[in-house]
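> Got a structure for you, questions after.
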Amino acid sequence: MQINQYNVSVMEIEIKNEEEFLQFIKPKIPLLKDYLLHLKGDVSRKIENFLDMNRVQYVKNLHLTQLKRVKKQELPIGVEVCDRVVRSGEEIVTRNTVLCLKRVNDGASIKTSGNFIALDSMDGTAECSGNFMLFKKGPKSKIIFHNHVLDNFIDGCLYKVSLDEEGIVIEKIKE
795 MQINQYNVSV MEIEIKNEEE FLQFIKPKIP LLKDYLLHLK GDVSRKIENF
845 LDMNRVQYVK NLHLTQLKRV KKQELPIGVE VCDRVVRSGE EIVTRNTVLC
895 LKRVNDGASI KTSGNFIALD SMDGTAECSG NFMLFKKGPK SKIIFHNHVL
945 DNFIDGCLYK VSLDEEGIVI EKIKE
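Everything in the sequence shown is counted per the working numbering, starting at 795 for the first residue and increasing by one.
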């Protein structure tokens, strides 16, 4: 036995009027070839023939159950999530913690009095006066923590920079 699992894009359409459906679907045939159509309602022989002729995959009147939605976890107050590339010439200035999920390009600047976390490559300037920074320094990045430039102490590994009673602590987390 061989089992394969696939993720399928399904478009659910409820048909109430045959002609209205055909008029709607005809110009969209090239787009719909990448979908599995789940047709609900009155699926006539004319509709089936049209979809078969255009090689559009479909199923009729299935009962699909919705998955339970996982409760969205709330971010702590004061966290700004940047879910895009921070481009050259762009500047983000905030008092909150900054979490960058995507790249920070050379020439981009992030200044925060909160914490700073970069999960992708960090090639811009990051200036932080919070409790910690977590990042992987790129070859062109400039890292400033509590007004101290740290470029000479950090290579391209993953680092955590924090502050304790004795001063700035630079901890290499991963090569």
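Glycine included, every Cβ here is placed at the ideal spot set by N, Cα and C.
1. I967 and L952: beta carbons closer than 7 angstroms?
2. How is the beta strand (DSSP E) around D958 delimited, first residue to last?
3. Look at the alpha carbon of G932 and the alpha carbon of N801, and state the distance between them as a whole number of angstroms.
4. Taking the alpha carbon of I841 as the point to measure from, which residue in H940, D917 and I819 has its own alpha carbon closest?
5. DSSP has L830 in a bridge; who is on the other side?
6. Which value, in whole angstroms, describes the spacing of the CA atoms of Y852 and E814?
7. Check whether the Cβ atoms of F929 and A912 lie closer than 7 angstroms to each other.
8. Quick check on L845: buried or exposed, where buried means 16 or more other Cβ atoms within 10 Å of its Cβ?
9. Is it buried or exposed for S915, if we count other Cβ within 10 angstroms and need 16 for buried?
10. Quick one: is M805 near chain B, going by C-beta distance under 7 angstroms?
Taking the geometry as given:
1. Contact: yes.
2. Here the beta strand (DSSP E) through D958 covers L952 to D958.
3. Straight-line Cα distance between these residues: approximately 35 angstroms.
4. Minimum Cα distance to I841 is reached at I819.
5. As a beta-bridge residue in DSSP terms, L830 pairs with V804.
6. In this model, Y852 and E814 are separated by some 18 angstroms (Cα to Cα).
7. One thing to note: F929 has its Cβ within 7 angstroms of the Cβ of A912.
8. Counting the other Cβ atoms within 10 Å of the Cβ of L845 gives 16 or more, which makes it buried.
9. Result: buried.
10. Note that chain B does not occur in the displayed structure, where there is just one protein chain.
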